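Heads up, the thing below is written out as structure tokens.
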Amino acid sequence: MNILVTGGAGFIGSHTIVELYHAGYNSIIIDNFSNSEPTVLDGIEKIIGVKPVIFNGDCNDADLLSTLFNKYDIKGVIHFAASKAVGESVANPLKYYHNNVSATVTLLSVMLKFSIPSLVFSSSCTVYGEPDLLPVTEDTPIKVASSPYGNTKQICEEIIRDTVAAENNFKAISLRYFNPIGAHESALIGELPKGTPSNLVPFITQVGAGLRPELQVFGNDYNTVDGTCVRDYIHVVDLAKAHVAAINLLVKSENNNQKYRVYNIGTGNGNTVLEVIKTFEGITEKPFNYKIMPRREGDVTAVYADVSLSEKELGWKTEKSLKEALVDAWRWQLSLK
Ligand code: WQD
3 MNILVTGGAG FIGSHTIVEL YHAGYNSIII DNFSNSEPTV LDGIEKIIGV
53 KPVIFNGDCN DADLLSTLFN KYDIKGVIHF AASKAVGESV ANPLKYYHNN
103 VSATVTLLSV MLKFSIPSLV FSSSCTVYGE PDLLPVTEDT PIKVASSPYG
153 NTKQICEEII RDTVAAENNF KAISLRYFNP IGAHESALIG ELPKGTPSNL
203 VPFITQVGAG LRPELQVFGN DYNTVDGTCV RDYIHVVDLA KAHVAAINLL
253 VKSENNNQKY RVYNIGTGNG NTVLEVIKTF EGITEKPFNY KIMPRREGDV
303 TAVYADVSLS EKELGWKTEK SLKEALVDAW RWQLSLK
């Protein structure tokens with residue numbers, strides 16, 4: 003069964019291609035390599051033994067999408083392709099509305115034109131903003147987005163919801179990711195942040211590898227157990243498997259009468275920045291260089307998931323721990339030249 007994976011050469015996309023293969027699916031990738039490297043395809047091939055089918059292109063290109071849907075019998079789409087840097091979205095919002103929102107409208111339009119019945123959408127816990135209650139469930143009120151990036155995720159969820167409601171033969175699932183970290187255990191694929199990493203774990207592994215002198219910890223005056231922010235760090239392979247579970251529910255389940263569902267994809271546990279650092283020190287068995295700095299604009303104090311709905315309806319839950327994710331992230335960092 004063929005699945006179109008937009009952004010399939012990216013961090014989460016590449017790991018999902020591997021898990022889709024193990025689940026018996028054929029993936030067709032469309033990626034414009036704006037936030038990924040073609041070398042990822044070599045890594046995927048070494049893991050699964052098959053060269054991925056990929057088209058270098060953009061989801062705003064309706065003609066290319068039409069060509070793909072004409073050429074392949076696509077049963078469903080997993081839509082990762084998007085810009086995802088929170089800070090950049092504040093500086094350049096129109097790039098985010100073009101890449102994330104208009105591209106999703108184009109993709110949906112072409113899907114309907116070719117009667118492609120199923121979509122899994124890459125959403126984010128950022129839609130919850132600073133939650134009043136923890137853990138967050140799928141019914142936790144959506145807050146006004148704290149960045150254009152977060153707003154694009156909220157807008158796309160609403161566009162997809164409305165499209166499903168208007169169509170008879172179209173189902174969709176939005177997966178709200180928490181904080182994806184780690185790498186495939188083979189160290190053949192992993193996270194390749196361009197330039198200075200904005201996310202915590204790739205910055206930590208670069209400090210550990212001596213590529214950067216120290217980590218700046220953005221604030222230790224939050225109302226948490228040690229003053230640093232709490233996040234739900236999920237192994238990227240567990241996250242990839244959640245996408246397989248979602249596409250299975252859409253394309254294989256006979257009795258799935260749910261046209262549109264949203265699921266939290268996290269571990270259900272929260273860890274502070276200092277707890278992540280301490281775990282990493284336990285892995286490298288070396289002291290870790292960090293410095294407490296002022297808070298980063300836009301950071302929420304704490305967010306982590308209630309994952310009972312995704313466990314119940316997707317039949318999925320995380321299998322890997324924070325430590326395992328950091329071990330895999332560290333092995334991947336050491337594999338980079
Ligand atoms: C985690 C914690 C920082 C870097 C973002 C997006 C979210 C999702 C994941 C796409 C925070 C602290 C970080 C550093 C630090 N992306 N930190 N020093 O901000 O929770 O989520 O990435 O979907 O949508 O918003 O992740 O890794 O940037 O930060 O102290 O150098 O680590 O303050 O508390 P975040 P992050």
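Residue numbers (the numbering used here): 3 to 339.
Every residue gets a Cβ at the ideal spot worked out from N, C-alpha and C, and that includes glycine.
Since the model is a prediction, treat every value here as computed from it, not as a measurement.
Check whether the segment 95–105 touches the segment 148–166, taking contact to mean three or more Cβ pairs, one atom from each stretch, closer than 8 Å.
yes
Strand pairing of Asn28, partner residues [DSSP]
Asn4
From Phe71 to Met113, what does the alpha carbon distance come to, in whole angstroms?
8 Å
Nearest candidate by alpha-carbon position, reference Leu328, set Gly192, Asn258, Thr230
Gly192
Which listed residue (Tyr27, Lys145, Gly210) has its alpha carbon closest to that of Ala331:
Gly210
Inter-residue spacing [alpha-carbon to alpha-carbon] between Val79 and Glu159
15 Å
Using CA coordinates, which residue listed in His245, Val20, Lys261, Phe116 is at the minimum distance from Ile76?
Phe116
Nearest by alpha-carbon distance to Asn258: which of Ile46, Val239, Phe82, Gly317 is it?
Gly317
I want to check one thing, is the minimum distance from the CB of Gln335 to the heavy atoms of the ligand WQD below 7 Å?
no
Distance between Glu187 and Gln218 (C-alpha atoms, nearest Å)
28 Å
Taking C-beta to C-beta, are Ile236 and Thr320 nearer than 8 Å?
yes
Could you spell out where the alpha helix (DSSP H) holding Ala242 opens and where it closes?
238–253
Looking at the ligand WQD, does it come within less than 7 Å of Val275, judged from the CB to the closest heavy atom?
yes
Roughly how many angstroms separate the alpha carbons of Val227 and Thr274, rounded to a whole number?
8 Å
Grouping DSSP H, G and I as helix and E and B as strand, with all else coil, what is Asp330?
helix
With 16 other Cβ atoms within 10 Å as the buried cut-off, status of Gly284:
exposed
May I have a chain-ordered list of the beta strand (DSSP E) segments no shorter than 3 residues that lie completely inside the segment 157–205?
173–179, 181–183
Would you check whether the ligand WQD has a heavy atom nearer than 7 Å to the C-beta of Lys293?
no
Quick test of the definition: if touching needs 3 or more C-beta pairs under 8 Å, does the segment 125–138 touch the segment 242–250?
no
Check: Cys231 C-beta below 7 Å from any heavy atom of the ligand WQD
yes
Can we count Asp223 as close to the ligand WQD, meaning its CB is less than 7 Å from some heavy atom?
no
Alpha carbons only, please: which of Pro119, Gly15, Tyr23, Gln335 is nearest the one belonging to Ser38?
Gly15
Can you tell me whether Lys322 is helix, strand or coil according to DSSP?
coil
Rounded to whole angstroms, what is the Cα-Cα separation between Asn4 and His17?
17 Å
Please confirm whether any heavy atom of the ligand WQD lies closer than 7 Å to the CB of Tyr99.
no
Closer than 8 Å by C-beta to Lys53: which residues in its own chain qualify, once you throw out the five before and the five after it? Chain order, please.
Leu43, Glu47
Among Leu336, Val239, Phe57, Leu66, the one whose alpha carbon lies nearest that of Leu213
Leu336
Which residues in the same chain as Lys86 place their Cβ atom closer than 7 Å to its Cβ, once the five residues preceding and following it in sequence are excluded?
Tyr151
Could you check the C-alpha separation between Val55 and Ser29 for me, to the nearest Å?
7 Å
Cross-strand partners of Gln218 (DSSP beta bridge):
Lys293
Let me check understanding here. Comparing Cα to Cα, which of Leu110, Gly89, Thr41, Lys280 lies closest to Leu6?
Leu110
If you follow the alpha helix (DSSP H) that Phe71 is part of, which residue opens it and which one closes it?
64–73
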